[in-house]
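Below: the structure, in structure tokens.
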Amino acid sequence: MASTDDQDTDALILLRQAGRERQELGRRLARYEFEALKRDLSDPGAFDLRLEFGDVRPGRLLLDPDLDTAPQTLDALPRLPVPLGRVAWADHPEDLPVTGILIGDLRPPVLASGLLALLTEHHQQPFARLLFLCRTLAPVHVLGRYGFICACIGDAPVDGVGITLGLRHGLHQIRTLDEGALLWSSETAEAPHCQPP
Amino acid sequence: MPDSTPAPDFARLRRTLVELCGRDAYLDALLALEDSGLAVAEAPELWHYLERQLTEGRADRLARVVRARLAEAGSYSTQAALADAQAALDHGDPHRAETILRAVFGSDDLPPPVARVMARALAGTGHPEALLHLDRLSDGDSDMALLKVDTLRAEDRLLEAQAHCELFARQFGGDARFQVRLARMAVGLGRWDEALRVWETLCATPGFPRSVALANRIRLLARLERNPEAHALTAEFLLEGPALPDLVTIAATLGMTGLMQAAIADAVQRESRLPLPEGDWPEVCGQLLDLGRLGQVARLASQGLPVGPAVTETLAAARRVLGRDNTSPATPAEAARLQMPDALLPFPPFYAMRRPALIRHPDRARILLVNASLGSGGAERQFVMMVQALLRQGIRPDQIDAALFSVSPDRGRAHFLPELQDTGIRLHDLQSRDGFYRRLDPALEDTCQLLPKPLRGDVVALHDLVAELRPDILHGWQDRAGLAAGFVGAHLGTGRIVLSARNMQPAKRDRGAQIDDRRLYAALCALPNVQLTANSIAGARDYEDWLGLDRGAAGVLMNGLDTARFAILPPRAPNARVVRLVGVFRFAPNKRPLLWLDTVRALQRLSPYDVRPRMVGSGPLRDEILAHASAIGLKHLQIDGGLSEPAAIYGPADVILLMSRVEGTPNVLLEAQAMGIAAAGCDVGGVREAMLSEGPAAGLVLPEDIASEDAARLIQDWLPTALAAPGDARAAFIRDTYSLEALGSGTLGYYGLEA
Amino acid sequence: MTAVTWIDTPEGDPAAGLIAALLPEVRPMPPLAATAPEDTVWFPSHHAFAARAAEFAATPCALHVAVRRGRSLAADAQVLRALADRLAPRVTFHALSPAAATALQALGIDAAPLGTAPTAPPPSDRAVIEPDRDRLLHIRHGVETPLPLTALNWARLARGAVLTAPGDLEPDWHDLAALASRLPSPGDPGRHLLFITPNGVGLGHLTRQLAVLHAMTEPVRATFWSFSRAALIAQAAGHDVLLRHTAEHLGADPSAWQMRETEALATYLRRFRPAAIVTDGSQVEPFLRDAMAQPGCHHARLIWIRRGMWRADADARGLSDVRFCDRVLIPGDLAARADPGATARANPFPPGLSKTRTSAPVVLSPATSPLSRRDARRALGLGFGTGTTCLVSLGGEAFSRTAGVEDRLRQLARKARVTLVWARSPLAAPSDHADDTRQIALYPISPYLAAFDGVISACGYNSFHELMTMTNRPVLFVPTINERLDDQGARARHAASEGWALCFDPEQGHDESAVLRSFLGSLRRAEPVAGRPPGNPTGAAEMAATIQDCIRGNI
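See below:
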């Protein structure tokens, strides 16, 4: 009995050590990515894209088809996760709630500073899995580099977006980028028409 | 060195336990107590407190762990013992419950709460003391009263159970459980209309699940072949939103497999949002396995549904038997194709080779006959005739064993038991034979798990006996017993297997969603040591067509009649006007009794004869027959039942009329003609063969589908000649064709024994 | 609230797709429907209706039920009549065919046959239903292609093939085949095209799609269903975009993701009914096939742009996807003679619905004309005094096996007095090169090629063909070795053997420093390379014409 206990203890110690190393490596990688993000966002042309197609007018950003889908249909499908993003590390990211960050049509410097402030906080102490709700495609390529997901919502109303993404990703809240003001919460939202008769 | 470990804070620990149990964090509570280092002896009240909380909170596994600790420490309270016994019962282990209770409380003078649990434990093990306890406890306790009824039912003492149940139903009026028992027992006793009435009452009983009552009515109506009513009720049933297991049962009963599949598919789609109640998926999967739908069950399991441990084990057995690749259907169509027992077929090649040398000499052969029961049917009568025929051929009684799946007298399955006992052969009631898992080898045990019902139970029950007796000849009587006997015999390498079909092919008989036996039958017939027989030429050809066998592959074993028992009736007076017309048959839909009544009524109207009808028999349509006869104004109808002597059954009769929809070789036509009675019947199965076909005494063959008026006209045309002809020719025909000698020598021939 | 027409979609039942083709607009009914009183619900099978009768008894919406001819039809009919009596007048029964209607009439079910008798001549292809083998056998000019029984929407299939049920099949299959022939003729498909762009930071698939789109001679409306940040490029190019995420992006279970993506695309197809879906990739993605199989999603043609030059060891099973497509368009490859893999040979898989065309090479013609050397250098900020310049466009993979090779390239370039200009995708993060490294991130880069004295490049399809047809400057190809399918090495070696370019191939034992030194040295000699294939390949225009023909219904 004693020898089995000893073996169990040794195994436990090894497991704990591996876990700590994994945590340390994860935090280091997150720091590296965060540094790259800071450099990126500090560049005045962070969101500029040199795409040369002459005088053609840009196309439209179309709404996510799920915004046009009956809630009952969405509710019947399996949930999809939202990643934590590569600039942060958490032991159990799946335990963090999913929070939507609404990004309007902002001037690049405002956008950059807003994202930097938010993601600095996210890097230091991850508080949520962030789902960026973008009215335009402007931030997509930058956020995408760091493993963040953007849902392009055009000018769809926030309530409908909350319900739809709640059913798809388990979204709990929608907040503004600049001040983090609460725009929508699943706790106070009207229940979608997807309860059984 | 002073011990630096701080003394445990009992108060804080108790508060922690209270708080954790209050949140249903039972595991945390147990760990907290474990971590405190306090053994039972040091803090018995905390351990007992935790045990009570776990028991009340239904954290059964943890509660058992704690009770085991308490018991180890010698602190096992009577409360704990009772809880352990109850937990054992909940987990389907009545033996353990009994052991605990006896150890702690003894056997006598049990306090009522203990007596109740003991009664359940004993009832679960079939212990004779169970009823003693229940007799005392059932007065004033509806649960114990119900258990008493169920215990009697389990012992097949249906009449007793019914009597007690009627008393209890009055005593505990309002407790619908007794009504449900009454209805079920009425079915067991063959009292269908009574059962229907009870379920109709329950349909209208507030608080009783209407869909359950409707489902039972539908099943009964389907058995009675009152299909339009059954279907109308099915619509009502569906509109009640029935539980899925009930819906599957009804769909299977009515053969509505599309509905079954749609309901299951719907439930699968909803499962993530609206899961079925616990236990429903295991029950549905069990039903599907009973129907042989292994593929569908495998697919449900692969979709992550909670199919339960029993089904999981069955699927594991399937993988062992059939291989993993063959038991992982990816699409609904693939799943539908994986059916049992077809997936086991054809038999392995060695089945054709592995058998002992045939015994040629009759007096050394050991014969095992298998039938479902000894109920009051023609096939059962012929089973007895065959035994008598074999004995007449010189086979000794000690060479013959007969295995019956059930001979319950209350259920009407022992009608011919006395006659068979009189032959002196050994009889085996498979239902009451226990321990039959002892001899099941692991491969066969796996295979048996996969078989549909009733084949699964029949094979398991029969296998043990066959393995013990090792007969040289295994003879299955009728489809159900034949398939089980064939399956077991093929597996055990019995030298000679005879399968005697008694009717037309199963596909022509409406069997709901029951499995298609064709492939199994064909696989058995393909074995060199298996012989299929039918009891008429028409039946033999029909089975050959159904199974794709060559002409002549199916043998013919005509029914046997002890013609000495059937004395020719005196001839009619030459100018007698009265014609006594008898119908002898079970009052069941396939005998078409209402058509019989209508035909006779039409005959009464158009015939110059004074036609006096008489029906002899019993069955579920008796009330309907009486009502219909009255409605159509049928004159002089007499109905008799419960007769056994030929003279009482057939005499005095001038004509016997049979208008069945499905028949094998109808014994009643043979018996009546043996007594010289003129015979008329519809051309189904072996009816034509069973009648004298030439001469003035020839019988009348009516078309299979005929209106009563047309039948009456044909009968009237035939009557004068038939009535005038002496009965000797008929009796001689029967004597020559259906003798016991012919049956016996024919049977020995198919056994491969020299006569 | 707008009334919705819901349709039940039992798994594996092709009737739903056929019936949806008769209705103006449908949505699939979810498992727990919460219908509104003004809604209509269609059940392609009466079994599902019966199973859910209790649920719909409580709602007043109209119910349409197709009664199927199965073995228990007599019993079913009695139950259905009783149900209809209880739910009257909301229930309407339908038959799948005139023969079914007659049979149902005999059982007391009043059901009109769906669809109308065909007036147009039947298509020449046939699709034989073989349910016992779980398949349809598509037959065109004697060539047989097995198709999974319900992998295609039967309404889409019926557009080009006559469905037939062999005589021994049960009546229901005959009814389904009959209904397939009674569908309305498709109207004008319109000019809306949906482009599906797969994952990647790389822009190869998008570039080819843009090349074809910009070569269209008739106006079309294009939408890009883009899994890549390349959506921004498509939008900048003037096209509507939908930004999507792969399972990998989300960290999602692939099967869960596929269910969601299928549903999203099906919703889009039902609503917007594009005339064609154009996908560029190594297979037809399962979510795309599944979405097109959904009821109400039968309108679009499926066009697959499938590049060749697959590696010899690549899994060729993806080639079987041709059977699901209306057209397979293969962009010609200048290195086709060196194609080592399955794409060099005739497709071993049967064609099914598809016709295959190989075009000339496809190259994106930029919106702006190529700039002169002077203008290009000015625009890129290279200016005078930069001297000899070399564009370096390698992706991330080429030198990944050897650490420090980029440093070696810089060293050798400094020695050779060649200014390296590193190209990166405008969507990629700026690299952390040394401060003196010049980088450009723009798209497309081809108008600026004249700015460079030479190019060191990976050898993907687009880069290869742009460089071989749009510049006469020296090119050193450094094939990416970690590509799953694309045999860049074969392409590069072919270019070298033709004298069009140099090729650095470590697998051939090339000395890295020697090759680089030699190449960089050649740049200073400013000799143009002769003998390259002519410019302005017509592949994009050819593909565009084929697509336009296809959506017009010209076979």
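Protein chains in written order, with the working numbering: chain A, 43 to 239; chain B, 142 to 896; chain C, 169 to 723.
We put the CB at the ideal spot given by N, CA and C, even for glycine.
It should be emphasised that the depicted structure is a prediction, and the values quoted were computed from it without experimental measurement.
Residue i vs residue j beta-carbon contact at 9 Å
i                : j                : result
Leu581 (chain B) : Asp605 (chain B) : yes
Met699 (chain B) : Leu884 (chain B) : yes
Leu400 (chain B) : Ala219 (chain C) : yes
Ala794 (chain B) : Leu710 (chain B) : yes
Ile473 (chain C) : Arg389 (chain C) : no
His633 (chain C) : Pro529 (chain C) : yes
Leu603 (chain B) : Leu485 (chain B) : no
Ala838 (chain B) : Ala815 (chain B) : no
Ser614 (chain C) : Val646 (chain C) : no
Ala221 (chain B) : Arg202 (chain B) : no
Beta-bridge partners of residue i, as assigned by DSSP
i                : result
Glu298 (chain C) : C:Arg303
Lys776 (chain B) : Lys776 (chain B) is not bridged to any residue.
Met756 (chain B) : B:Gly724, B:Ile780
Pro281 (chain C) : C:Ala263
Ile624 (chain C) : C:Val560, C:Leu644
Tyr611 (chain C) : A:Leu93
Cys194 (chain A) : A:Cys176
Cys823 (chain B) : B:Leu843
His232 (chain C) : C:Trp210, C:Thr260
Glu312 (chain C) : C:Ile307
Cut-off 6 Å between Cβ atoms - residues of its own chain near residue i, not counting five sequence neighbours on either side
i                : result
Gln462 (chain C) : Ala434
Trp322 (chain C) : Pro182, Gly185, Leu186, Ala348
Arg685 (chain C) : Leu580
Other residues of its chain near residue i: CB distance less than 7 Å, five sequence neighbours each side excluded
i                : result
Thr270 (chain C) : none
Glu335 (chain B) : Ala327
Lys594 (chain B) : Asp431
Leu833 (chain B) : Gln814, Ala839, Gly840, Ala870, Arg871, Phe874
Residues near residue i by beta carbon distance below 8 Å, same chain, minus five either side
i                : result
Leu109 (chain A) : Ile195, Ala198, Gly202, Val203, Thr206
Asp703 (chain B) : Met526, Gln529, Leu881
Val697 (chain C) : Asn640, Arg641, Pro642, Val643, Gly667, Trp668, Ala669
Between the region 446 to 474 of chain B and chain C, which residues of the former have a C-beta closer than 7 Å to a C-beta of the latter? Thr472, Pro473, Ala474
To be precise: take each residue of the region 247 to 269 of chain C, compare its Cβ to all Cβ atoms of chain B, and keep it if any distance is under 9 Å. Which residues remain? Val247, Leu248, Arg249, Ala250, Leu251, Ala252, Asp253, Arg254, Leu255
When you compare the region 306 to 319 of chain C with the region 201 to 212 of chain C, are there three or more beta-carbon pairs, one atom per stretch, that lie closer than 8 Å? no
Looking at chain C, which residues of the region 70 to 95 of chain A have a Cβ within less than 8 Å of any of its Cβ atoms? Ala78, Arg81, Asp82, Asp85, Leu91, Arg92, Leu93, Glu94, Phe95
Sufficient close CB pairs (3 or more, under 8 Å) joining the region 636 to 646 of chain B to the region 612 to 619 of chain B: yes
Three or more C-beta pairs below 8 Å linking the region 362 to 373 of chain B and the region 241 to 259 of chain C: yes
Relative to chain B, which residues along the region 181 to 202 of chain C have a C-beta separation below 8 Å, given in chain order? Pro199, Leu200
Three or more C-beta pairs under 8 Å: does that hold for the region 228 to 244 of chain C against the region 429 to 446 of chain B? no
Counting beta carbon pairs with one atom in the region 404 to 413 of chain C and one in the region 653 to 670 of chain C, are three or more of them shorter than 8 Å? no
Could you list the residues in the region 145 to 170 of chain B with a C-beta less than 7 Å from some C-beta on chain C, going in chain order? none
For the structure I just gave you, are there three or more beta carbon pairs, one from the region 283 to 295 of chain B and one from the region 501 to 518 of chain B, closer than 8 Å? no
Of the residues that make up the region 404 to 419 of chain B, which ones have a beta carbon closer than 8 Å to any beta carbon in chain C? Ala404, Ala406, Asp407, Gln410, Arg411, Arg414, Leu415
Between the region 615 to 644 of chain C and chain A, which residues of the former have a C-beta closer than 8 Å to a C-beta of the latter? Pro615
Using a Cβ-Cβ cut-off of less than 7 Å, list which residues of the region 180 to 191 of chain A approach chain C; keep chain order. Val182, His183, Gly186, Arg187, Ile191
Pairing CB atoms from the region 774 to 786 of chain B with CB atoms from the region 837 to 853 of chain B, are three or more of them under 8 Å? no
Any chance the region 538 to 545 of chain C sits against the region 687 to 703 of chain C, with 3 or more Cβ pairs inside 8 Å? no
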